[in-house]
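A.B. asks: For the protein sequence lines, the chains are A, B, C, D, E, F, G and H, in the order given.
Using my numbering, the first residue of the first sequence is number 1, and each one after it goes up by one.
Using my numbering, the first residue of the second sequence is number 152, and each one after it goes up by one.
Using my numbering, the first residue of the third sequence is number 303, and each one after it goes up by one.
Using my numbering, the first residue of the fourth sequence is number 454, and each one after it goes up by one.
Using my numbering, the first residue of the fifth sequence is number 605, and each one after it goes up by one.
Using my numbering, the first residue of the sixth sequence is number 756, and each one after it goes up by one.
Using my numbering, the first residue of the seventh sequence is number 907, and each one after it goes up by one.
Using my numbering, the first residue of the eighth sequence is number 1058, and each one after it goes up by one.
8 protein chains.
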Amino acid sequence: MEKVLDETDKKILELLIEDGRISYTDIGKQLNLSRVSVRARVNQLIEDGIIEKFSCVVNSEKVGKKVSAFFDVDCEPCDLVEVAENLANNPYVASCYQMTGPSTLHMHVLVDDFTQLESFVNNELYALKGITRVDSQILLRRFKSRTGLKL
Amino acid sequence: MEKVLDETDKKILELLIEDGRISYTDIGKQLNLSRVSVRARVNQLIEDGIIEKFSCVVNSEKVGKKVSAFFDVDCEPCDLVEVAENLANNPYVASCYQMTGPSTLHMHVLVDDFTQLESFVNNELYALKGITRVDSQILLRRFKSRTGLKL
Amino acid sequence: MEKVLDETDKKILELLIEDGRISYTDIGKQLNLSRVSVRARVNQLIEDGIIEKFSCVVNSEKVGKKVSAFFDVDCEPCDLVEVAENLANNPYVASCYQMTGPSTLHMHVLVDDFTQLESFVNNELYALKGITRVDSQILLRRFKSRTGLKL
Amino acid sequence: MEKVLDETDKKILELLIEDGRISYTDIGKQLNLSRVSVRARVNQLIEDGIIEKFSCVVNSEKVGKKVSAFFDVDCEPCDLVEVAENLANNPYVASCYQMTGPSTLHMHVLVDDFTQLESFVNNELYALKGITRVDSQILLRRFKSRTGLKL
Amino acid sequence: MEKVLDETDKKILELLIEDGRISYTDIGKQLNLSRVSVRARVNQLIEDGIIEKFSCVVNSEKVGKKVSAFFDVDCEPCDLVEVAENLANNPYVASCYQMTGPSTLHMHVLVDDFTQLESFVNNELYALKGITRVDSQILLRRFKSRTGLKL
Amino acid sequence: MEKVLDETDKKILELLIEDGRISYTDIGKQLNLSRVSVRARVNQLIEDGIIEKFSCVVNSEKVGKKVSAFFDVDCEPCDLVEVAENLANNPYVASCYQMTGPSTLHMHVLVDDFTQLESFVNNELYALKGITRVDSQILLRRFKSRTGLKL
Amino acid sequence: MEKVLDETDKKILELLIEDGRISYTDIGKQLNLSRVSVRARVNQLIEDGIIEKFSCVVNSEKVGKKVSAFFDVDCEPCDLVEVAENLANNPYVASCYQMTGPSTLHMHVLVDDFTQLESFVNNELYALKGITRVDSQILLRRFKSRTGLKL
Amino acid sequence: MEKVLDETDKKILELLIEDGRISYTDIGKQLNLSRVSVRARVNQLIEDGIIEKFSCVVNSEKVGKKVSAFFDVDCEPCDLVEVAENLANNPYVASCYQMTGPSTLHMHVLVDDFTQLESFVNNELYALKGITRVDSQILLRRFKSRTGLKL
């Protein structure tokens, strides 16, 4: 069962989503709370698994990942879970989901260039047992990319 | 042209991706740098657009977003950019991309439940001019979800 | 929020699903309850909307409905709800649902023969504004048909 | 060959479809028949297999079946009948048909939630020999659901 | 209601399917009937619409129809019947059917060569109002071509 | 190389396509030829393989073939020719072609009813080695059916 | 009607396909012909339209065309020819064909990078009237690229 | 890394693309260069792999290649590279590429006629191990065919 968040928790989350390094003192000032009680609430949110991690959002193109590709990977139904776990361990794979719809894994891949993409496809992906068909699309234009969540 | 990152920049980024709230002093200790020069490098990474943001990763299911859906939205080619910008402003839309492949927008939507999903589809999505076909899939199982980047 | 059913309610429902005309006296004997308290519980189940209706299951082929067809009806997204309500009022339409997946209505149709099916398709379905594509399949063999529910 | 129903049989069926627990006396009053001859006709309709069963229609969402899914299950043509019989015995499967169109079984599944759906898919469905591809869709909105039949 | 054929009628039809010019005397000899009663039965089969026509089967390639193509023609549902009747009048169209499945006409076209095919497609087919998509396939190899019927 | 037909040959063919039992005397009268030279030309057309057969066109529905179905049969590419030859020998199969487009056989099947169709599909078609997928469509309406050829 | 080439013509074509700048003297030596008669034959091949052009094959990647994309462009059937002629005039379009199969133009596009590709798609392609759907694929690996012809 | 071409190199390439047999003297006259320095630049362009070959463009239909077909060849992912290399060695195959999109090879085939096409498909293509599905389309009309490159 999900934790029911009160309004103060939601405001703390929104501030941390907007700036993951904001100090607890600054949060407290905005919400009229002491630094200690902000820390207590944040720790509780972490303990409840609501905050999974603090991180920083890196522009993948600016660090050389020029090609962003989405893959639909069809596999023999009996091999799907093993293929998925295999792909989840691959460093080029940014995300990997099982969806309703066709028995396909949906996967996001980030690579430096087409040479690396071709090598990933032919040497790493096609080498997995149980894969029957692979479809891929290349990102042309990003209109919105999640950096937050509407609570 | 992308900035060429040296090894120290890469290590700083890796530490910040793993823990977005790590103090510059702690980064300095691990990399044998002063707190001041860590701060200088981080500021430069922000200025260059390499670090886009510090944020916190929230477990969407635990805050009540029970349904995670992927949409492929076909539109009249001449309306695609306008539809995309419209959807990018919708608070339920987490991400929205134009890809190679069919003239389709790829969109990730997070909602509380099926009632909210049906309302989003019938009242907000289908109300946009130029949409010709909508396909949607519901997330069944998450094998990997990006919280980092292999540098 | 759904009603939480106790074990006695579940047993009453199972008996009524199996035989919709079973007397409350007979239900009471099997569950060690008085006829009056069975009736009270059944009335409560009806009031809560858990029992929607008592009915009888008729073999559609034996009353002359020789052709059982499933349709996927694509429509202009903006016309979908109106088309669906229209079809729901058509006496040949046994069921009509909006699903995830393509912007398609899923519809079950029962007709006497192919002449009636062709007339339904060309005169009633294709006459609706906003329909862009119709796919139909004919039932070949029934392996299971719901007449109950696993509680 | 189907039984040819006379007008009185049809009216009796319509009354029983509308209210499966209506008394034979009440049917008799409406149709100007004795209770005995109503019972004789109903028994004949049961004997001829025209009335398959009396039942009660339960609102599946209100008893906790939150997710209603349609599956198209592709199998090796030579395994289709065995897969179909297997699925027909699965308690989550409400109905299972072979249709014209692609060599696909059409199946309706009712489960409590997505955890149960994912477990059904990965542990029960994908474990069957001969399945090559599974497509699934989730019900968003019910416009009409058969509780009767136009005679 | 179809005519119920007796065994003699069936044998007469089989002989005429095999050789449309066989004399009634020869049929009579094989079936132990007089020429007059063969003629009477054939006339009755024509009158009942069972024999539609006597014809001769011409090898279309040997008279210069080098290209045999199958078309699936999608149209706006509301224009389907008019498009179909239009195409049925086109001399290049050998057959034209409405099928279950997508709202598509299935059409067989015989032309002399690709120049004629391209002209048919661009000047006659694409000129019809209501056509939304055309798919075509060229015959590669004929394994069986109906010249009879199993009675 | 195809035979080049002169105008007289073409007129003879047209008359025979229209009425396969027309006497050579009647043809001769219309074309101003002797009965003997008509016979000589017809015999030459038969010898050249231009006339394949004289036959009679039977209305398949009126002799009890109520269901006319088109099948697309996908097979393992290496099994395609063997599957095709097998199907060509099946008495329910009216025609069977290999086309450009997907590696699919296109097949026309005529059966008495759905019971026979289901038995054909499950017992005869699915029993063939190398078949991977079967799609079928039922004829709804016939707009044109070849009984001739434009010369 | 095509020109029937003799063996000498074929050998001359093969030598010119292999090296478009080979001197007529060198061709003559290899085929035991005078320089004059080689020139006469080449001129005749040009006049007959058999040799369309002498050209040089440039490695498109090495001159900065990093992205090679194939497009399938669906259009309203009535607009297809106009769209095709429009695209044929676009300098990024290397080739543009109408094929059997769906009513789609097949087009090869060469651009410098994804920014140019996105601009071509959104500003030049989607701006054309009558385009209903665009599918694109990016070249991953070249196994063979025509630079000759088997005569 | 690609060679950066200066304006003179580009102009030389454009002249050679337009006429592969133009003399270095004529190039020199148009660009105000000596014949020797033109030769030096052309030799450098060849050495850098920018000019791959001089060739002549032959009209394939006029030398008897009447049928131009595009194939999409699906294979088991693990066999794709071997199948591609095999096809690249086939003399009927003009080009063969691996693309993003489905795990399909895109191949251009030139043959004399349909008899040769059917033989290529059934005897050479379907005989390769690992091929699961073949789709083919025939060229109807050529709107543009690359004979140059926009530099």
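Yeah, the Cβ is synthetic: ideal placement off N, Cα and C, and Gly gets one too.
Using a C-beta cutoff of 8 angstroms, does E958 of chain G count as contacting chain H?
C.D. replies: Judged by the 8 angstroms Cβ criterion, E958 of chain G is in contact with chain H.
A.B. asks: Is there at least one non-hydrogen atom of the ligand COA closer than 7 angstroms to the beta-carbon of G252 of chain B?
C.D. replies: With respect to the ligand COA, the structure offers nothing, as it holds no ligand at all.
A.B. asks: If you check the beta carbons only, do N361 of chain C and I503 of chain D fall under 8 angstroms apart?
C.D. replies: In this structure, I503 of chain D lies closer than 8 angstroms to N361 of chain C by Cβ.
A.B. asks: What separation, rounded to the nearest whole angstrom, lies between the Cα atoms of V987 of chain G and L139 of chain A?
C.D. replies: Near 30 angstroms, if we compare the C-alpha coordinates of L139 of chain A and V987 of chain G.
A.B. asks: Quick one: is S287 of chain B near chain C, going by C-beta distance under 8 angstroms?
C.D. replies: Judged by the 8 angstroms Cβ criterion, S287 of chain B is in contact with chain C.
A.B. asks: Would you list the residues sitting across from Y852 of chain F in a DSSP beta bridge?
C.D. replies: DSSP lists E:R746, F:H861 as partners of Y852 of chain F.
A.B. asks: Just to make sure I have the definition right: I need the residues of chain A whose C-beta is within less than 7 angstroms of the C-beta of D230 of chain B. Which are they?
C.D. replies: Within chain A, no residue comes near D230 of chain B; the closest Cβ sits about 14 angstroms away, beyond 7 angstroms.
A.B. asks: Hey, quick one: how far does the alpha helix (DSSP H) through F416 of chain C stretch, first residue to last?
C.D. replies: From DSSP, the alpha helix (DSSP H) with F416 of chain C extends over 416–421.
A.B. asks: In chain order, what residues of the region 1001–1026 of chain G put their CB closer than 7 angstroms to some CB of chain E?
C.D. replies: Taking 7 angstroms as the Cβ-Cβ cut-off against chain E, the residues of the region 1001–1026 of chain G that qualify are T1006, G1007, P1008, S1009.
A.B. asks: Please work out which residues of its chain come closer than 6 angstroms, Cβ to Cβ, to G450 of chain C, disregarding the five sequence neighbours upstream and downstream, and give them in chain order.
C.D. replies: Residue placement at G450 of chain C is flagged as unreliable, the pLDDT there being 49, under the threshold of 50; a coordinate-derived value is accordingly withheld.
A.B. asks: Is it right to say A537 of chain D is buried, meaning 16 or more other beta carbons lie within 10 angstroms of its own, or is it exposed?
C.D. replies: When all chains shown are included, A537 of chain D counts as buried.
A.B. asks: Cα separation between Q400 of chain C and V413 of chain C?
C.D. replies: In a straight line, the C-alpha of Q400 of chain C is about 22 angstroms away from that of V413 of chain C.
A.B. asks: In the DSSP assignment, the beta strand (DSSP E) including V58 of chain A goes from what residue to what residue?
C.D. replies: From DSSP, the beta strand (DSSP E) with V58 of chain A extends over 51–58.
A.B. asks: Quick one: grab the DSSP three-state call for R776 of chain F.
C.D. replies: If DSSP states are grouped into helix, strand and coil, R776 of chain F belongs with coil.
A.B. asks: Is there a Cβ from chain F that is less than 8 angstroms from the Cβ of A778 of chain E?
C.D. replies: With chain E represented from 605 up to 755, any question about residue 778 of chain E goes unanswered, as that position is not in the structure.
A.B. asks: Got a sec? Which residues, its chain only, sit under 7 angstroms from C247 of chain B by beta carbon, not counting five neighbours each side?
C.D. replies: These residues qualify, in order along the chain: A235, L238, A239, L256, M258.
A.B. asks: On the three-state DSSP scale, how would you describe E1142 of chain H?
C.D. replies: Three-state result, E1142 of chain H: helix.
A.B. asks: Mind checking who V73 of chain A pairs with in its DSSP beta bridge?
C.D. replies: Looking at the DSSP assignment, V73 of chain A forms a beta bridge with A:L105, A:V134.
A.B. asks: Does M1058 of chain H get closer than 8 angstroms to chain A when you measure Cβ to Cβ?
C.D. replies: Confidence at M1058 of chain H is low in this model, with a pLDDT of 46, below 50, so the placement of that residue should be treated as unreliable; the coordinate-derived value is given next. So, not an interface residue.
A.B. asks: What does A278 of chain B touch in chain C if you count any residue whose Cβ is under 9 angstroms from its own?
C.D. replies: Within 9 angstroms Cβ-Cβ: P379, C380.
A.B. asks: Given that a residue counts as buried once 16 or more other Cβ atoms are within 10 Å of its Cβ, and exposed if not, what is S1209 of chain H?
C.D. replies: Absent from the model: residue 1209 of chain H. The displayed extent of chain H is 1058 to 1208, so no value can be given.
A.B. asks: Alpha carbon to alpha carbon, what distance is there between R1199 of chain H and T931 of chain G?
C.D. replies: Cα to Cα, T931 of chain G sits roughly 35 angstroms from R1199 of chain H.
A.B. asks: Where do the N-terminal and C-terminal ends of the alpha helix (DSSP H) with V489 of chain D fall, by residue?
C.D. replies: Run containing V489 of chain D: 488–500, per the alpha helix (DSSP H) assignment.
A.B. asks: Report, in whole angstroms, the separation of the C-beta atoms of G775 of chain F and G624 of chain E, which I expect to be a contact under 8 angstroms.
C.D. replies: Sure, about 4 angstroms apart at Cβ, within 8 angstroms.
A.B. asks: Count the other C-beta atoms from every protein chain shown that fall within 10 angstroms of the C-beta of T100 of chain A, then say buried if there are 16 or more, exposed otherwise.
C.D. replies: The residue in question, T100 of chain A, is buried, as its Cβ has 16 or more Cβ neighbours within 10 Å.
A.B. asks: Is V520 of chain D closer than 8 angstroms to F567 of chain D when the C-beta atoms are compared?
C.D. replies: Closer than 8 angstroms, so yes.
A.B. asks: May I have the straight-line CA-CA distance separating P1159 of chain H from F70 of chain A, to the nearest angstrom?
C.D. replies: Cα to Cα, the separation comes out at about 12 angstroms.
A.B. asks: From T159 of chain B to P91 of chain A, what does the alpha carbon distance come to, in whole angstroms?
C.D. replies: Their backbone Cα atoms lie some 21 angstroms apart in a straight line.
A.B. asks: At 7 angstroms on the CB atoms, spell out the chain G contacts of I735 of chain E, in chain order.
C.D. replies: Correct list: P983.
A.B. asks: Leaving out the 5 sequence neighbours to the left and right, which residues in its chain are closer than 6 angstroms to R888 of chain F when beta-carbon positions are compared?
C.D. replies: So the list reads D829, once near-sequence residues are dropped.
A.B. asks: Counting contacts by CB-CB distance shorter than 8 angstroms, is A84 of chain A in contact with chain H?
C.D. replies: Output row for A84 of chain A: interface = no.
A.B. asks: So, helix, strand or coil for V4 of chain A, using DSSP?
C.D. replies: It is coil, neither helix nor strand.
A.B. asks: Use the C-beta contact count for A1151 of chain H: other C-beta atoms within 10 angstroms, 16 or more gives buried, fewer gives exposed.
C.D. replies: A1151 of chain H should be labelled buried.
A.B. asks: To the nearest whole angstrom, what separates the beta carbons of L458 of chain D and V411 of chain C, a pair I think is in contact under 8 angstroms?
C.D. replies: Rounded, the Cβ-Cβ distance is 21 angstroms, inconsistent with contact.
A.B. asks: Could you give the C-beta distance for R796 of chain F and I767 of chain F, rounded to a whole number, given that I count them as a contact under 8 angstroms?
C.D. replies: Contact holds; Cβ gap of about 6 angstroms.
A.B. asks: With DSSP collapsed to three states, give me the class of L619 of chain E.
C.D. replies: Reduced to three states, the DSSP call for L619 of chain E is helix.
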